[in-house]
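Peer 1: Here the protein sequences line up with chains A and B, keeping their order. Number 108 in our numbering belongs to position 108 of the first sequence; there are no gaps in the numbering. Number 334 in our numbering belongs to position 164 of the second sequence; there are no gaps in the numbering. Backbone N, C-alpha and C define an ideal beta-carbon position, used for all residues, glycine too. Would you mind keeping the following structure in view while I ask a few things?
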Amino acid sequence: MNSSRTQHLPEDQFASYMMGDAINAEAAAHLSACDQCRAEVERFGVSVQSLNVVSMAWSESRPSNSLRLRTSSRVAWRLHPGMTVASWGFATGVLLMSAIPLARHLQHPSRETAPVVLSAQESQKQIEQDNQLLMAVDRELSTQVASPEQEYGLDNELARKPKNRELKAQ
Amino acid sequence: MQTTIDASMIPLSCRVSIISELDDIDALVGLYRGRVLRYVMLSVGDQDLAETITQDCFLKAYNGRASFRGDCSVSTWLFTIANNLIRDHLRTKKFQFWRKAKATAIDATEMASFLPNGETSPEARILASERAEQVKVAMEKLSVNQRRMFILRFLEEMDLAEIAQATGMPVNTVKTHLHRAVTSIRKELGGTR
Ligand SMILES: [Zn+2]
Chain A
1 MNSSRTQHLP EDQFASYMMG DAINAEAAAH LSACDQCRAE VERFGVSVQS
51 LNVVSMAWSE SRPSNSLRLR TSSRVAWRLH PGMTVASWGF ATGVLLMSAI
101 PLARHLQHPS RETAPVVLSA QESQKQIEQD NQLLMAVDRE LSTQVASPEQ
151 EYGLDNELAR KPKNRELKAQ
Chain B
171 MQTTIDASMI PLSCRVSIIS ELDDIDALVG LYRGRVLRYV MLSVGDQDLA
221 ETITQDCFLK AYNGRASFRG DCSVSTWLFT IANNLIRDHL RTKKFQFWRK
271 AKATAIDATE MASFLPNGET SPEARILASE RAEQVKVAME KLSVNQRRMF
321 ILRFLEEMDL AEIAQATGMP VNTVKTHLHR AVTSIRKELG GTR
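Next up, the structure:
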């Protein structure tokens, strides 16, 4: 036990202050009078800001490929699966006629355009393999504490639903 | 109460009309990729996985843009999708995820090497990378929830309500995780005691 700990900003007050929440009068008075605590607050802020700047420099430097091609090819497929480049001019009238249903299609995304998790190609075999993997991993992790899956509530989801349904392709 | 990922990657509260910002996927990527990638990277700790999840995030956002209602910011919406993708990845690949995450983690010194040369002196770069590494190491000791909420609050500067929306957790739970995260990082940084 270190008795000086309680004389400086208590944990909850420090956390509240750093989070931008209000702190109590006693903590505020201490903070305004204690150089050590002010220095700690400043150091915490500067350190976090350093990670902010450095991590952003890294992520901004990562090259990214254009995704436009990937999305435009999907849209073209939806317009007409069999349409070739040469048929575009001829199809203008067809496109005009289909404009309204297409607009409706875009406004109300189907299961395909909705951000569905599992691809339709996922085979039953893959699902069964995944289920086996999940069960094996569940067994393995059952003795560990606070796995990321538990924290994301996935264990609850898995417990609520039969695993086959959980993993069924949409 | 957790939202289920299969129901929708997009919260109901985020649905309405398309806004023009979402109509050009490359523009969307240009605006938000850095932040989303950084968030996923610091959350999952694996570069390759972070790139994959980030790309999926933008494809899902673009394909589901008709569902975006504009009652939360685009970035909050993107973080929501990213969170769901991370969860999805944990669900389907959790064993590999568990093991691999730490293996290809990037350290702050490497990150700092990407700071623009003209704007940063070598001394400032070293200092920034040391401080950043301390926080990053401290963050690695946090739970997944504490870590992602810490990133959203302190790096993304989102408020508690936005974090609650992006993570699908109640505001009070967010607050609790954040308090623990700050306390833990304070200790790791070597505070007043
Ligand atoms: Zn003090």
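At a threshold of 8 Å, does Cys34 of chain A count as lining ligand 2 (C-beta to nearest heavy atom)?
Peer 2: Questions concerning ligand 2 fall outside what the structure shown contains, since the ligands it does hold are ligand 1.
Peer 1: Can you name the residues of chain A whose CB is closer than 7 Å to the CB of Ser284 of chain B?
Peer 2: According to the sequence shown, residue 284 of chain B is Phe rather than Ser. The contacting residues are Ala57, Trp58 and Ser61.
Peer 1: State yes or no: is the beta carbon of Glu42 of chain A nearer than 9 Å to at least one beta carbon in chain B?
Peer 2: Closer than 9 Å: no.
Peer 1: Is Asn24 of chain A close to chain B, meaning its C-beta is less than 9 Å from at least one C-beta of that chain?
Peer 2: no
Peer 1: Under 8 Å from any heavy atom of ligand 1, does the C-beta of Gln13 of chain A make it?
Peer 2: No; taking the cut-off as 8 Å, the Cβ of Gln13 of chain A has no heavy atom of ligand 1 nearer than that.
Peer 1: Helix, strand or coil for Ser61 of chain A? Go by DSSP, reduced to three states.
Peer 2: helix
Peer 1: Within 9 Å of any Cβ in chain A, is that where the Cβ of Cys184 of chain B sits?
Peer 2: With a pLDDT of only 46 at Cys184 of chain B, under 50, the local geometry of the prediction cannot be trusted, and the value read off the model is given with reservation. For Cys184 of chain B, the answer is no, since every Cβ of chain A falls outside 9 Å of its Cβ.
Peer 1: Comparing the CB of Leu175 of chain A with every heavy atom of ligand 1, is any distance shorter than 8 Å?
Peer 2: The shown model of chain A, from 1 to 170, leaves out residue 175 of chain A, and the question about it has no answer.
Peer 1: Quick one: measure Cβ to Cβ for Val307 of chain B and Glu358 of chain B, integer angstroms, because I've assumed they're closer than 8 Å.
Peer 2: 7 Å
Peer 1: Would a C-beta distance cut-off of 9 Å place Leu212 of chain B and Arg350 of chain B closer than the cut-off?
Peer 2: no
Peer 1: Assign Asn52 of chain A to buried or exposed, taking buried as 16 or more other Cβ atoms, counted over all protein chains shown, within 10 Å of its Cβ.
Peer 2: It is buried - the Cβ of Asn52 of chain A has at least 16 other Cβ atoms within 10 Å.
Peer 1: Distance cutoff 9 Å, beta carbons only. Does Ala33 of chain A sit that close to anything in chain B?
Peer 2: no
Peer 1: Enumerate in chain order the residues of its own chain whose CB-to-CB distance from Val344 of chain B is below 6 Å, with the five nearest sequence positions on each side excluded.
Peer 2: Met319, Leu330, Ile333 and Ala334
Peer 1: Quick check: what's the CA-CA separation for Ala220 of chain B versus Arg68 of chain A?
Peer 2: 20 Å
Peer 1: Roughly how many angstroms separate the alpha carbons of Asp241 of chain B and Arg203 of chain B, rounded to a whole number?
Peer 2: 21 Å
Peer 1: Extract the residue ranges of the alpha helix (DSSP H) inside the region 197-270 of chain B, only unbroken runs of 4 or more that lie entirely within it.
Peer 2: 217-233 and 244-270
Peer 1: Quick one: residues in its chain with C-beta nearer than 6 Å to the C-beta of Ile251 of chain B, no 5 flanking neighbours on either side, listed in chain order?
Peer 2: Met179, Cys227, Lys230 and Ala231
Peer 1: Does chain B have any CB closer than 9 Å to the CB of Ala29 of chain A?
Peer 2: no
Peer 1: Indicate the three-state DSSP secondary structure (helix, strand or coil) for His8 of chain A in the structure shown.
Peer 2: In the structure shown, His8 of chain A falls within a coil segment according to DSSP collapsed to helix, strand and coil.
Peer 1: For Glu310 of chain B versus Phe249 of chain B, is the C-beta spacing smaller than 9 Å?
Peer 2: The answer is no: Cβ separation not under 9 Å.
Peer 1: For Lys306 of chain B, go through chain A and note every residue whose CB falls closer than 9 Å to its CB, in chain order.
Peer 2: Leu51, Val54 and Ser55
Peer 1: I need the straight-line Cα distance from Ser16 of chain A to Arg70 of chain A, nearest angstrom please.
Peer 2: 45 Å
Peer 1: So, with DSSP's three-state summary, where would you put Ala25 of chain A?
Peer 2: If DSSP states are grouped into helix, strand and coil, Ala25 of chain A belongs with the helices.
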